[in-house]
Amino acid sequence: MNNIHQVGVVIYVDNALDADQRSGIVNHLERCEGVEDARFTPGRDHLLVVEYDSNRLQSQEVLGYVREEYSGAELVGI
37 MNNIHQVGVV
47 IYVDNALDAD
57 QRSGIVNHLE
67 RCEGVEDARF
77 TPGRDHLLVV
87 EYDSNRLQSQ
97 EVLGYVREEY
107 SGAELVGI
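Structure (structure tokens):
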């Protein structure tokens, strides 16, 4: 039985990133254990929404995964 407790977090990216940079961050996150989905908000390229299994990760760990690819990121909310 799969006991996923999926929650979402919004991460603010400090600078405008081009499509390749955004894609790189999303691809990196999707390979991280516990991350279920990651996407930038259309029309608001500074906002990254990440859905993850809170039984396996905490929001600060998700932020850490983003910062592995781009250091200028801040946690906005859940």
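In the working numbering, the protein residues as written are 37 to 114. Where is the CB? At the ideal position from N, CA and C, for every residue including glycine.
In chain order, Tyr101 place their CB closer than 6 Å to the CB of cysteine 68, counting only its own chain and leaving out the 5 sequence neighbours on each side. Non-local C-beta neighbours of glutamate 66 in its own chain, meaning closer than 7 Å and more than five positions away in sequence, comprise Ala74, ordered along the chain. When beta bridges are read from the DSSP output, alanine 74 appears opposite Val86. In the structure shown, tyrosine 48 falls within a strand segment according to DSSP collapsed to helix, strand and coil. With a cut-off of 8 Å on Cβ pairs, the region 71-91 is in contact with the region 44-56, counting three or more such pairs.
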